[in-house]
Amino acid sequence: MALYETLYGRKCRSLIHWDEIGDKRVLGPIAVPWIENAYGKMKMICQRLQPVQSRKKSYTDNRRKDLEFEVGDKVVLKVTPLQSFTVEKGKKLQPRYVGPFKILQRVGNVAYRLELPASLSRIHDIFHISMLKKYHPDSTHVLKPEEIDLDESLTYEERPVRILDQKVKELRTKRIPLIKILWRNHEVEEATWEVEEEIRAKYPELFSNRVRISRTKFF
Numbered sequence: 001m002a003l004y005e006t007l008y009g010r011k012c013r014s015l016i017h018w019d020e021i022g023d024k025r026v027l028g029p030i031a032v033p034w035i036e037n038a039y040g041k042m043k044m045i046c047q048r049l050q051p052v053q054s055r056k057k058s059y060t061d062n063r064r065k066d067l068e069f070e071v072g073d074k075v076v077l078k079v080t081p082l083q084s085f086t087v088e089k090g091k092k093l094q095p096r097y098v099g100p101f102k103i104l105q106r107v108g109n110v111a112y113r114l115e116l117p118a119s120l121s122r123i124h125d126i127f128h129i130s131m132l133k134k135y136h137p138d139s140t141h142v143l144k145p146e147e148i149d150l151d152e153s154l155t156y157e158e159r160p161v162r163i164l165d166q167k168v169k170e171l172r173t174k175r176i177p178l179i180k181i182l183w184r185n186h187e188v189e190e191a192t193w194e195v196e197e198e199i200r201a202k203y204p205e206l207f208s209n210r211v212r213i214s215r216t217k218f219f
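Under the UniProt record's numbering, the first residue of the sequence shown carries the number 1, and numbering increases by one thereafter.
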């Protein structure tokens with residue numbers, strides 16, 4: 001049953017349902033062939049979409065099956081570093097995982113209850129399967145819970161480690177000094193270019209003992 005029918009107790013007067021609710025006579029006999037033609041096209045479109053919907057459902061079901069875990073398995077939980085500065089389009093710090101945690105219970109078909117440490121007690125212990133990943137002991141991208149200040153939305157503030165490089169972005173009316181930042185818990189390849197003024201305002205300690213880089217790039 002459609003939402004409109006649930007709210008108003010009758011079907012919406014769309015092209016699909018004119019022939020079902022007896023309103024053809026309102027438009028007159030001239031409009032009847034047009035309505036029937038539109039209804040036929042709509043029915044054909046729905047039939048053609050059915051195989052696509054079936055394939056999508058099959059893919060989703062198979063992926064969900066691959067992600068199933070058992071009680072007692074160890075998993076890691078996906079967390080996202082907050083980043084508000086980066087000036088590089090499309091570049092963000094990659095998600096990290098925290099853990100490992102033991103699965104205590106399966107909740108429904110797509111969620112699990114985890115055994116969380118006391119440091120994460122303010123976070124709800126049931127998570128959707130898409131937030132979980134099987135734990136591998138040699139995973140370098142897995143963080144320990146005590147290493148980050150994780151909030152209820154599973155995000156944490158990333159901290160800069162040091163400045164790797166600098167350059168100046170030339171615009172028509174101004175020049176913007178940029179610095180390349182290495183972030184904690186991330187590799188050098190994930191370093192991002194940031195506006196120096198913004199980083200200096202939020203992390204002044206990063207500049208206290210810094211040796212200036214003599215080679216400044218322009219672009």
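The C-beta atom is built at its ideal place from N, Cα and C for all residues, glycine as well. This one's a predicted model, so the numbers in the text were calculated from it and none came from an experiment.
Q.
On the criterion of 16 or more Cβ atoms from any shown chain inside 10 Å, does I179 qualify as buried, or is it exposed?
A. buried
**Q.** Spatial neighbours of H128 in its chain, beta-carbon cut-off 8 Å, leaving aside the 5 residues before and after
**A.** V110 and A111
Q) Pairing CB atoms from the segment 64-80 with CB atoms from the segment 96-104, are three or more of them under 8 Å? A) yes
**Q.** Per-residue DSSP class, three states only, for K180
**A.** strand
Q. With respect to the beta strand (DSSP E) encompassing R162, which residues constitute its N-terminal and C-terminal limits?
A. P160 to E170
Q.
Once DSSP output is grouped into helix, strand and coil, what is the label at L132?
A. Looking at L132 - three-state DSSP - the assignment turns out to be strand.
Q. Going along the chain, which residues of its own chain have a beta-carbon closer than 6 Å to the beta-carbon of R113, five neighbours each way excluded?
A. L104, Q105, V107, D125 and I126
Q.
By DSSP's criteria, Y112 is part of a beta bridge. Which residues make up the other side?
A. R106 and F127
Q. Three-state secondary structure (DSSP) at F69?
A. coil
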